[in-house]
Structures are given as C-alpha cells and as structure tokens.
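Right, one structure below, let's go through it.
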Amino acid sequence: MAHVFALVQAAADSAAAYRDFPVIGSRAAIWIAAEIHLMFAAFVLGVPIFAVVAEAIGIFGKDQRYDRLAKEFTRLLLIAYSATAIWGAVFVFLLSTLYPRFWAYLTAIFGVSMWVYVSIFFFESFTLYLYYYGWDRWKQGRAKIVHWCLGILLNIWGTAVMFIADSWLTYMMTPPRDITPETSPASIKLWHAILNHTWMPINIHRLIGNVVFGGAIVGAYASYRFLAAKTDEERAHYDWMGYVGNFIAISALIVLPFAGYWLGREIYQYDQSMGITMMGGFMSWLWVIQAFLIAVLFLAGNYYLWVGMGRIPGAERFRPYTKWLLVVLVLGALVWGTPHTMIADSRELAAMGGSHHPLLGALGVMSAKNTAVNLMILSTFLSFLLYRRANIRQVVPWAKTGTRIQAAMFVIAAGVVLFFGIRGYFVEAIVRIGYSVYQVGAVLACIVFVTVIDVLMARGAQSLGAIQWGKMPPRSQYALFILAVTFTWLMGLMGFARSGIRQHWHVWQVMQDTTPYAATPALGYAAIMISTCVLIFLSLVGFIFWLGGLAEKSTFVPSTEAPHVGH
Amino acid sequence: MWATNLRIIGIVLGTLALYTLIANKIPQVQSEVPHALTLGANVTPEQLVAAGDQLYHGAGGCTACHGLGTRAPNLLTDEKGLGPIGARCGKREAGKDCKAYLYESLTSPRAYVVSGYEPIMPEMGRILSPQQIWALVAFLESQSGTVDVTASDIPAASGPAASAAPAASGGGGPGIAGGSTEPMTIIRGAGCTGCHKVGTEGGAIGPNLTHVGSRLSAALIRECILKPDTRVAKGYEKFVGVMPKMFGNQLTGAQLEALVQFLSSQK
Ligand code: HEM
Numbered sequence: 001m002a003h004v005f006a007l008v009q010a011a012a013d014s015a016a017a018y019r020d021f022p023v024i025g026s027r028a029a030i031w032i033a034a035e036i037h038l039m040f041a042a043f044v045l046g047v048p049i050f051a052v053v054a055e056a057i058g059i060f061g062k063d064q065r066y067d068r069l070a071k072e073f074t075r076l077l078l079i080a081y082s083a084t085a086i087w088g089a090v091f092v093f094l095l096s097t098l099y100p101r102f103w104a105y106l107t108a109i110f111g112v113s114m115w116v117y118v119s120i121f122f123f124e125s126f127t128l129y130l131y132y133y134g135w136d137r138w139k140q141g142r143a144k145i146v147h148w149c150l151g152i153l154l155n156i157w158g159t160a161v162m163f164i165a166d167s168w169l170t171y172m173m174t175p176p177r178d179i180t181p182e183t184s185p186a187s188i189k190l191w192h193a194i195l196n197h198t199w200m201p202i203n204i205h206r207l208i209g210n211v212v213f214g215g216a217i218v219g220a221y222a223s224y225r226f227l228a229a230k231t232d233e234e235r236a237h238y239d240w241m242g243y244v245g246n247f248i249a250i251s252a253l254i255v256l257p258f259a260g261y262w263l264g265r266e267i268y269q270y271d272q273s274m275g276i277t278m279m280g281g282f283m284s285w286l287w288v289i290q291a292f293l294i295a296v297l298f299l300a301g302n303y304y305l306w307v308g309m310g311r312i313p314g315a316e317r318f319r320p321y322t323k324w325l326l327v328v329l330v331l332g333a334l335v336w337g338t339p340h341t342m343i344a345d346s347r348e349l350a351a352m353g354g355s356h357h358p359l360l361g362a363l364g365v366m367s368a369k370n371t372a373v374n375l376m377i378l379s380t381f382l383s384f385l386l387y388r389r390a391n392i393r394q395v396v397p398w399a400k401t402g403t404r405i406q407a408a409m410f411v412i413a414a415g416v417v418l419f420f421g422i423r424g425y426f427v428e429a430i431v432r433i434g435y436s437v438y439q440v441g442a443v444l445a446c447i448v449f450v451t452v453i454d455v456l457m458a459r460g461a462q463s464l465g466a467i468q469w470g471k472m473p474p475r476s477q478y479a480l481f482i483l484a485v486t487f488t489w490l491m492g493l494m495g496f497a498r499s500g501i502r503q504h505w506h507v508w509q510v511m512q513d514t515t516p517y518a519a520t521p522a523l524g525y526a527a528i529m530i531s532t533c534v535l536i537f538l539s540l541v542g543f544i545f546w547l548g549g550l551a552e553k554s555t556f557v558p559s560t561e562a563p564h565v566g567h
Numbered sequence: 568m569w570a571t572n573l574r575i576i577g578i579v580l581g582t583l584a585l586y587t588l589i590a591n592k593i594p595q596v597q598s599e600v601p602h603a604l605t606l607g608a609n610v611t612p613e614q615l616v617a618a619g620d621q622l623y624h625g626a627g628g629c630t631a632c633h634g635l636g637t638r639a640p641n642l643l644t645d646e647k648g649l650g651p652i653g654a655r656c657g658k659r660e661a662g663k664d665c666k667a668y669l670y671e672s673l674t675s676p677r678a679y680v681v682s683g684y685e686p687i688m689p690e691m692g693r694i695l696s697p698q699q700i701w702a703l704v705a706f707l708e709s710q711s712g713t714v715d716v717t718a719s720d721i722p723a724a725s726g727p728a729a730s731a732a733p734a735a736s737g738g739g740g741p742g743i744a745g746g747s748t749e750p751m752t753i754i755r756g757a758g759c760t761g762c763h764k765v766g767t768e769g770g771a772i773g774p775n776l777t778h779v780g781s782r783l784s785a786a787l788i789r790e791c792i793l794k795p796d797t798r799v800a801k802g803y804e805k806f807v808g809v810m811p812k813m814f815g816n817q818l819t820g821a822q823l824e825a826l827v828q829f830l831s832s833q834k
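As they're listed, the protein sequences go chains A and B.
Heads up, the first sequence is in the numbering used here, so the first residue is 1 and it goes up one at a time.
Heads up, the second sequence is in the numbering used here, so the first residue is 568 and it goes up one at a time.
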C-alpha cells in the first residue's frame, strides 16, 4: 500500500496536481461556482416541496387559489432549473481543471454515483416538464391526482439527487475511520464511503433548510409583486402568497435547530478535535454571527405576523401580548449569541480571573443556549397561534377550558425548558447533553398538542370578519425581503463552516490541500465572498422573476372566477 | 415603481453590507497550514526575519492577541512611549539583552509579565519548533532594533525538520512552566485547565479533577497522565484520545511527582 500513498501524495504535491485561475485564484472561483450552484439547487429542491403541498391543499381542500399558486411557482422552477444545471456544469469544469488530482481521487471512489446523479437529473427535468406543461391538461378528477403524483415524483428525484451530492461532500469532511492516506481510492467501497458519519444529518438538515429557503424566496417574490401591484385584487393575492411563504419558512425554521444539533453531535462523535475547532476554535466567532442571523430571521418573521394582525378583524385583542413576545425573543437572541470561550482582553480577564467570564461563562454554556433557543421557538409558535385565532370566536362549549389547557401546556413546556436549563449548571457535561433531549421533547409535545386542541376548538367557530388580504402596510413586505436575504446569507455562511472545518485538507486527514490557498480564511474575507455569491444569486433570481413576469403577466385571476380580466 | 425598486435594492444591499461589516469587525482569525521550516546552517539574518514575519502574521497566531490594542502589548508599533519591541526589548529585564529577553518571552512568557497585562500568552515552545522561535526573535528584533540572531543560535535541526507539531519544550528549556514544581503553576502551564476543572478553574471537556484523589490512587493518576487512554474515566468513553499523550515528555521528573502528589491529595 505504501507505494500507492507515495503515488497519491507525490502527485498531489507536483505542479500538475493543480492549475490556477486568473485574477481571483482557484479557491475563489470554486467557492463562487459551488455556492451559487448550491443556492439554486436549494431553490429547485425547496420550491417543488412547496408546490406539491400547495397543489394538495388545492385538491383536497377544494381551494383553487392554492392550485394557481403551485403553478405559478412551477413556472419559475423551469428557468431556475436550467440555472442550476449551468452553474453545476461550471462547478464541475472548474473543479476538474483546477484541481485535477483531487477530482481524479473523488471520481475513483464516487464515479458510479456520479453517473447515477446525472441520470436522475435527467429524469427529474423531464418530470418537471410534464408536471408544468401538463398542468392545464390534467386538471380534473383522476387525471389531477396523477398530475399531483408527478409532483411527488419530482420531489423524489430531487431528494435522491441531493442525497447523492451530499455523500461526496460529507465524505470529504468525515471519511470513514479506516480510510487513511495510504488507502487506494479504487479499493474503497462506494457504500462504505457514502454511509459516512455526517451523511444523514446533512441530508436531513439540508432537506429542512431547503424548505425554509423555498418559502423565503417565495415570500420575497410575493412581496415584490405586492409592491408592484396595480389593483386591490392583485394586492390581496400577493399578500396572501407572501403570508403562505412566510408561514412555510418559519414553520420549517422551527425544526432546523434540532437537525443542526444532531449534525453537530455527529461531528463531535466523529472527531473531538474537529468539533472543538468548529465550536471553540478559530470558528467560534462564526457561531456568534450565525446566532445574529437566526435572531434576525426569528424577529423578521414574527414582526411580519404582528403587522399582519392589522388586517385581521378581532386581532386587537392580542396586540398587548406581542410586546412580551418581543422581549422574550430579544433576550433569547442575546443569550444565544453569547460565545462560550473567548479570549478576553486584560481588563476583562482581571475582573474574571480566568478565561471564563462570570457572565459570558454562565450564559455561554450549552444549557443556557438550549434554553434560549427553545423559548424563542415557543414564542414564535405562540405568535402563530394568536395569528390563527385572531379573527374567530370559538363556539365549542369547552373553548374556555381548552384555552386554559393550552396555556397550561405552554407554561409546563417553558417550565421544563427552564428547569433543565438551570439544572444543567450543576451536572457534568455528559449528563447535560442528555437534558437537551427533554427540553426539545417538551417543546415539540407542546406544539403538537396545542395545535390539535386548537384545530378541534376552531370547529364551527364564529368569524369576526374575513381577513382583509391586501390591507398590509408596505413596511411589512420589506421584512420579507430581509428574511430572504438573511436566509441566503446564512446558507452561504454555513457552507463556509462546513468546508472550513476541514481546514487544509481536501479530505480530512486523508488528502492534503497543497495549493497556496490551503489556509482557511478569516470570517471577514469569507463574508465578502458570501455577500458576492448572494448578490450574484439574487440578481439572477430577480432576472428569473422578471422573465416569469414577461412570459405571462401573472397567474393571478380575480376571485370572481371571471375569465381573464386583461393584464 | 422605480422608487419601490430602488428601495428594494437598497434594502438588499444594506443588509448584505451590514453582515459583511459585522463579520469584518470581529477579530480576524485565519487557520493556517502547519508549515515545516527548514533553515540551513548558512541562513542569513534576512531570511530569518522574513520567516519570522510570515510566522508572526500567520501560523504563529500572534495577531490573535498582539496588535488589537488591549489584550496584549503592541509589538510592531509603539507601546506606551517605549517604541516598538525591537527598541524596548533590551531594557525590560536587568542583565538580559534583547535576544535573551525575547527568547524568554516566547518560551516562558510567565517569567516576566509586562505590567498591566495578564499572563495569558501561551508557551510558544510547545507549539513552535526551535527554528521557528529563533526566526520570530529575529523578526521582533528587526522592529526598530538590530538583528543579532545568527545560525549558531539555532540548534541543528534534529532529524526531519521540526514541524508545527507540539515540540517538547522548545530549545531544550527546563520543562513546562519554566521547570516550576508548584502544582497549580504546572497545571496552568501544561494547559490541563483547558480541559479539566480544578477547583474553580478550568473547562469541562475532561473529568473534573477537584476531587480526583478520592477516586484514584497516586499510581493511577500517574498512569493517567503518562498514558492517558489506558484507563478510561467512566462516562468519558467517547472522549478517548482527546487528552494529549506528550506530557510524559514535557514534564520533568520532579514536576510529574509534584503534580501526582498534589492531585492525589485532592480528596
Ligand atoms: C436555528 C438553527 C439553525 C439554522 C436556522 C440553520 C440553518 C442552516 C442552513 C440554512 C443551512 C444551509 C442548508 C443548505 O445548504 O441546504 C445550514 C447548513 C449547515 N448547518 Fe445549520 N442551522 C442551524 C443550526 C445548526 C447547528 C446547531 C449546527 C452545528 C453545530 C449547524 C451546522 C450546519 C452545517 C455544518 C451546515 C453546512 C451544510 C452544508 O450546506 O453543506 N447548523 N444550516
């Protein structure tokens, strides 16, 4: 085996292992191509999930609005799809020409899965064409169900494609333990490489992340259309669409931290030192920024809901509560953003006599962070609940009792979260990690049971007046833009985190990066790269939306069901 | 409509600018590639200074503390009217010339702690090779001083060029923490508190050592320090391999015994 190692490393060291890209350099070129491809990919994976759910609501809820919404989005998908493929091709060409040695290594292991990837992509495109162009053809009865199944198939292809691509990048981060620099890539079994430590956690984290992303972009699209709308009806339609986008984004966002913690735990279990580099080492500041971004997401999402109550008759009753929710959210964000270990300056050190600040130290530990994020999730859920019942008066005889039970569930869940949060300070780390499971369990149980009660309670409820869609101040729409930009940026940041923890390795502790770009840049530089990617991506998306508008002004049809009122 | 478009573009650009700005305001830490430094017997002072410059701004990690203003003294610029480090290094300690002082500052920073600062500077001999240390000394001297480091100061590279892997007590110094046998000094100097809690100090990666004497005998404690993974603490099975295995090479015999005695008395 030694000779193979000598071969691989010698080749990696020789000049032929790499080429450079003019002006911006190889790393920046690959970075931009990969990130923008990833963003488009997330979009074309997230939106079909969205479209299929909307179509189902249209079919089973007999609400035509949702069907039109689904179709409007599928149209945007067509163009976004070719953008994904173009950037994917750019990415592969750059990788194989700039890093030929490394590319050869990856293909030696993953070649077969790459062919499968391409063929699935092919099927996926054709399913998409059928899905879109068959929309008006298969509109009724059984044909409609078949059409809907096409949508499901589209999602199956999409998810499979993502799972395959995830296996390549998770292999780079956490190659199975028995693979060493001496292992010849040709001798590595494909499944063995795919089933690495972080494969499933990343699959799940990304799947959910993509739904949030899809929702956020849909929201931004709707708010743009809302601001540009000329008639009240159009405004009402896009107001409603923005609401649905935001609803989906925030609901999925609530689950994301749980998937994130799972991923983090797997990284720790794979390699302690990698975990420490990630959370406490040169990347510790990254999590402060991540916390800030997530706080912006939660705040913008909640703000949109609160402003939205203005268009709901009867919502005045709940107004006073929003300021308390705001307090909880801001406090939670502050605690979450507090880093655990940070080299303090001399004055701080003198005050605290160690590298753990009394306050930073206490608030920065995992207990406090889990507590904060769980309370933030509970508050966001409460916002939704208030929003949901803003314009109804329950008529079921047990409405009062039901509300009391719901309130009790909130109190119990918050109590459990706080109790274990405080207990966490008095036990060893290993026990404490187990506590987060109880906290998460309490929050999830609360969400599920309260929702069930709420649905039952709303039966036959008396309406205080229809939601006045379209009666929304423009400032609320800007919140949706901030949401979309922030989410895209967060994605770029986390992509940097994922590939940054490999440090100077192409494949962690197996194949070293020997280019001049092997060092992992600081956050400032990374932020400039991320902003550049986000800007390119959003400009292209803006262009796609504009094209979508050119082709067909909008699928908006006035609610009277009159045949097209001219646009 | 144009007003709306402009406002949207403004919001997007503003948000991006805000995030970029925040990320550039926080301390900038780049993760460097460990770099093997080979300096031949005929190395010139200029080469040393250049190598030291690179280390200082890169893999040495010095800029995480120095140059930020408050956390550590300025080295490349004036510090409290005394000038850059090359100008003041000869005047810090009586009887120590610039070269000796700088070498000491790097290998046993706690021997002389600049007033107004806390002893947080890591012992660089544990992270850098002797060649790297001397390159840094030459670079620091070049900051408004005269470089008098020569090839003869540098111990002949033993075996393959020392890499950035923790080298046992750089330059043949007298063990961790300047050879002190005061137990808490060793514990801090060796970085045990990076992972273990001892009394009120330290982290929570490894078992709490505050009452370790009540669970382990002196012999077992010695073994745990010398061969960390032969006996795994309960509840820490997943953490096997985390505790460094080089303490046996770094501690002097007297230090090891002082440490073991101290820990076994913590009941
Ligand atoms: C509220 C909590 C969180 C949110 C909103 C969040 C959001 C995101 C988003 C949007 C992505 C990009 C997904 C994609 O590319 O499809 C992502 C990826 C990632 N997240 Fe999280 N995350 C959260 C928590 C965490 C935690 C706690 C960890 C680990 C300790 C983590 C680690 C990662 C990593 C390593 C990636 C990179 C995956 C990749 O795109 O290659 N996340 N996260």
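Beta carbons are placed, not taken as given, at the ideal position from N, Cα and C, and that holds for glycine.
Handout entry: Spatial distance of Ile-578(B) from Trp-546(A) (CA atoms)
Key = The sequence position of residue 578(B) within the second sequence is 11, counting from 1. The sequence position of residue 546(A) within the first sequence is 546, counting from 1. Going from the Cα of Ile-578(B) to the Cα of Trp-546(A) covers about 19 Å.
Exercise for the section: Please confirm if Leu-649(B) has its CB atom under 8 Å from at least one CB of chain A. Expected result: By 1-based counting over the second sequence, the position of residue 649(B) is 82. It does not; no Cβ of chain A falls within 8 Å.
Problem - Interface flag, His-237(A) vs chain B, CB-CB below 8 Å - result: Here residue 237(A) is taken as the residue at index 237 of the first sequence, counted from 1. Chain B places no beta carbon closer than 8 Å to that of His-237(A), leaving this residue out of the contacts.
Handout entry: Partner residues on chain B for Tyr-224(A), Cβ-Cβ distance less than 8 Å
Key = Along the first sequence, read from residue 1 onward, the residue named residue 224(A) stands at position 224. Under the 8 Å cutoff, chain B gives Ile-575.
Handout entry: Runs of alpha helix (DSSP H) wholly within the stretch 10-92 of chain A (minimum 4 residues, chain order)
Key = Within the stretch 10-92 of chain A, complete alpha helix (DSSP H) segments of at least 4 residues are found at 25-60, given in chain order.
Practice task
Using the Cα positions of Val-327(A) and Phe-487(A), report the straight-line distance between them to the nearest angstrom.
Solution key: Reading the first sequence from its first residue, position 327 is the one you call residue 327(A). Reading the first sequence from its first residue, position 487 is the one you call residue 487(A). Approximately 23 Å between the Cα atoms of the pair.
Handout entry: Span separating the alpha-carbon of His-37(A) from that of Trp-87(A)
Key = As a working mapping, residue 37(A) is identified with position 37 in the first sequence. As a working mapping, residue 87(A) is identified with position 87 in the first sequence. So the alpha carbons of these two residues sit roughly 5 Å apart.
Handout entry: Ile-430(A) - DSSP class collapsed to helix/strand/coil
Key = As a position in the first sequence, residue 430(A) is number 430, starting the count at 1. Because the pLDDT at Ile-430(A) is just 49, under 50, the model does not fix this residue reliably, and the value given afterwards should be weighed accordingly. Helix.
Exercise for the section: State yes or no: is the beta carbon of Pro-320(A) nearer than 8 Å to at least one beta carbon in chain B? Expected result: Your numbering for residue 320(A) matches position 320 in the first sequence. Chain B, which has no Cβ nearer than 8 Å to the Cβ of Pro-320(A), makes this no.
Practice task
Look at the alpha carbon of Leu-305(A) and the alpha carbon of Trp-31(A), and state the distance between them as a whole number of angstroms.
Solution key: For this step, residue 305(A) is matched to residue 305 along the first sequence. For this step, residue 31(A) is matched to residue 31 along the first sequence. So the alpha carbons of these two residues sit roughly 36 Å apart.
Exercise for the section: Tell me where the alpha helix (DSSP H) around Trp-262(A) begins and ends. Expected result: The residue you call residue 262(A) lines up with position 262 of the first sequence. Where Trp-262(A) is concerned, the enclosing alpha helix (DSSP H) stretches over 232-270.
Handout entry: Val-680(B): first and last residue of the uninterrupted alpha helix (DSSP H) it sits in
Key = Position 113 of the second sequence, counting from 1, holds the residue named residue 680(B). Per DSSP, Val-680(B) belongs to no alpha helix (DSSP H) and is neither H nor E.
Problem - Length of the line joining the Cα atoms of His-506(A) and Leu-585(B) - result: To locate residue 506(A), count along the first sequence from 1; it is residue 506. To locate residue 585(B), count along the second sequence from 1; it is residue 18. For His-506(A) and Leu-585(B), the distance between alpha carbons rounds to 32 Å.
Practice task
Using DSSP bridges, identify the partner residues of Trp-505(A).
Solution key: If you number the first sequence from 1, residue 505(A) lands on position 505. DSSP, once it has assigned bridges, lists Gln-512(A) as partnering Trp-505(A).
Practice task
Using alpha carbons as the reference points, say which of Ser-119(A), Phe-126(A), Arg-65(A) and Ile-164(A) lies closest to Ile-109(A).
Solution key: Within the first sequence, residue 109(A) is the residue found at index 109, counting from 1. In this structure, Ile-164(A) is the residue among Ser-119(A), Phe-126(A), Arg-65(A) and Ile-164(A) with its C-alpha nearest to the C-alpha of Ile-109(A).
Practice task
Within its chain, find whatever has a CB closer than 6 Å to the CB of Pro-313(A); leave out the 5 residues flanking it on each side and keep chain order.
Solution key: Mapped onto the first sequence, residue 313(A) falls at position 313. In the same chain as Pro-313(A), and ignoring 5 residues on each side of it, the C-beta atoms closer than 6 Å to its own belong to Asn-391, Leu-464 and Gly-465, in chain order.
Practice task
May I ask you to report which of helix, strand or coil DSSP gives Ile-392(A)?
Solution key: In the first sequence, the residue the question calls residue 392(A) occupies position 392. Strand at Ile-392(A).
Problem - C-beta atoms of Gly-245(A) and Gly-219(A) nearer than 8 Å - result: Counted from its first residue, the first sequence places residue 245(A) at position 245. Counted from its first residue, the first sequence places residue 219(A) at position 219. Less than 8 Å separates the beta-carbon of Gly-245(A) from that of Gly-219(A).
Exercise for the section: Taking a Cβ distance cut-off of 7 Å, strictly less, list which residues of the stretch 502-516 of chain A are near chain B, in chain order. Expected result: Per Cβ criterion, the list reads Gln-503 and His-504.
Handout entry: Closer than 7 Å at the beta carbon, the chain B residues around Leu-227(A)
Key = One-based indexing of the first sequence puts residue 227(A) at position 227. Ordered by position in chain B, the residues that pass the 7 Å Cβ test against Leu-227(A) are Thr-571.
Problem - Under 8 Å between C-beta atoms of Ser-125(A) and Tyr-81(A) - result: The residue you call residue 125(A) lines up with position 125 of the first sequence. The residue you call residue 81(A) lines up with position 81 of the first sequence. Closer than 8 Å, so yes.
Practice task
Tell me Val-765(B)'s beta-bridge partners as DSSP assigns them.
Solution key: Reading the second sequence from its first residue, position 198 is the one you call residue 765(B). Val-765(B) pairs with Glu-768(B).
Handout entry: 8 Å Cβ cutoff, Ser-781(B) in contact with chain A
Key = Within the second sequence, the letter at position 214 stands for residue 781(B). So no, Ser-781(B) is outside the interface.
Problem - Selection from Tyr-99(A), Ile-24(A), Phe-226(A) and Trp-168(A) that minimises the alpha carbon distance to Met-200(A) - result: Looking up residue 200(A) in the first sequence gives position 200. Here the closest residue by C-alpha is Trp-168(A).
Handout entry: CB contact flag (Thr-84(A), Tyr-132(A), <8 Å)
Key = Position 84 of the first sequence, counting from 1, holds the residue named residue 84(A). Position 132 of the first sequence, counting from 1, holds the residue named residue 132(A). Between Thr-84(A) and Tyr-132(A), the C-beta gap is not smaller than 8 Å, which leaves the two residues out of contact.
Exercise for the section: Compute the Euclidean distance between the alpha carbons of Glu-233(A) and Gly-470(A), then round it to the nearest angstrom. Expected result: Residue numbering aside, residue 233(A) sits at position 233 when the first sequence is read from its first letter. Residue numbering aside, residue 470(A) sits at position 470 when the first sequence is read from its first letter. Whole-angstrom Cα-Cα distance: 8 Å.
Exercise for the section: Sort Tyr-670(B), Val-681(B), Ser-672(B) and Asp-620(B) by Cα distance to Lys-647(B) and report the nearest one. Expected result: Numbered from its first residue, the second sequence carries residue 647(B) at position 80. The candidate whose alpha carbon is nearest that of Lys-647(B) is Val-681(B).
Exercise for the section: Please list the partners that Val-579(B) has in chain A, where partner means a Cβ-to-Cβ separation under 7 Å. Expected result: Translated into the one-based positions of the second sequence, residue 579(B) becomes position 12. Taking the beta carbon of Val-579(B) as reference, the chain A residues within 7 Å of it are Phe-481, Val-485 and Leu-538, listed in sequence order.
Practice task
Just confirm the distance between the C-beta atoms of Thr-777(B) and Val-765(B), as a whole number of angstroms; I'd bet it's less than 8 Å.
Solution key: Position 210 of the second sequence, counting from 1, holds the residue named residue 777(B). Position 198 of the second sequence, counting from 1, holds the residue named residue 765(B). Contact flag correct, Cβ pair sits at about 6 Å.
Practice task
Just mark Arg-393(A) as buried or exposed, buried being the case when its beta carbon has 16 or more other beta carbons within 10 Å.
Solution key: Locating residue 393(A) in the first sequence gives position 393, where the first residue counts as 1. The residue in question, Arg-393(A), is exposed, as its Cβ has fewer than 16 Cβ neighbours within 10 Å.
Practice task
Please say whether Pro-676(B) and Glu-690(B) have beta carbons closer to each other than 8 Å?
Solution key: Taking the first residue of the second sequence as position 1, residue 690(B) is located at position 123. Taking the first residue of the second sequence as position 1, residue 676(B) is located at position 109. Yes. Within cutoff.
Handout entry: Residue-level contact to chain A via CB, Leu-703(B), 8 Å cutoff
Key = Mapped onto the second sequence, residue 703(B) falls at position 136. With 8 Å as the cut-off, Leu-703(B) does not count as an interface residue toward chain A.
Problem - Given Trp-287(A) as reference, the closest of Phe-213(A), Ala-407(A), Gly-260(A) and Leu-299(A) once Cα atoms are compared - result: Indexing the first sequence from 1 puts residue 287(A) at position 287. Considering only alpha carbons, the answer is Gly-260(A).
Exercise for the section: Flag this pair as yes or no: are the beta carbons of Ile-544(A) and Trp-489(A) separated by less than 8 Å? Expected result: Locating residue 544(A) in the first sequence gives position 544, counting from the first residue. Locating residue 489(A) in the first sequence gives position 489, counting from the first residue. Judged by beta-carbon spacing, Trp-489(A) lies beyond the 8 Å limit of Ile-544(A), meaning their Cβ atoms are not closer than that value.
Problem - Buried or exposed (CB count within 10 angstroms, at least 16 for buried), Ala-732(B) - result: As a first step, residue 732(B) must be located in the second sequence, where it is residue number 165. With a pLDDT of 33 at Ala-732(B), under the threshold of 50, the modelled position of this residue cannot be trusted; read the value that follows with caution. Exposed, because fewer than 16 other Cβ atoms sit within 10 Å of the Cβ of Ala-732(B).
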